[in-house]
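In UniProt numbering, the protein residues as written are 1 to 77.
Encoded as structure tokens, the structure appears first; notes follow it.
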């Protein structure tokens with residue numbers, strides 16, 4: 001991503017980045033899995049004409065991707 005992740009401006013986002021690398025890697029893996037599963041749910045909801053649920057799951061996928069990306073970067077303080 002070529003921009004500053006807005007989640008990293010939050011104190012909790014910064015705290016996540018300060019976790020030990022092994023912890024960040026485990027959480028990143030879970031977030032990437034969550035993204036995939038949420039995208040699948042979004043597609044299912046869209047096919048069922050459940051627009052609000054599709055939007056919800058797409059938002060979950062987006063936030064999970066943002067978190068995973070933030071956790072994958074080295075901390076530069």
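Yeah, the Cβ is synthetic: ideal placement off N, Cα and C, and Gly gets one too.
In this structure, DSSP gives residue 4 a state outside helix and strand, which the three-state scheme calls coil.
Annotation for residue 34: 60, 61, 64 place their beta carbon closer than 8 Å to its own, counting only its chain and skipping 5 residues before and after. Taking one beta carbon from each stretch, the stretch 65-73 and the stretch 16-35 have 3 or more pairs nearer than 8 Å; the two touch. In the displayed model, residue 32 falls within a helix according to three-state DSSP. Taking the Cα positions, residue 43 is about 7 Å away from residue 54. Taking residue 38 as reference, the option from 23, 58, 21, 50 with the minimal CA-CA separation is 58. Counting the other Cβ atoms within 10 Å of the Cβ of residue 10 gives fewer than 16, which makes it exposed.
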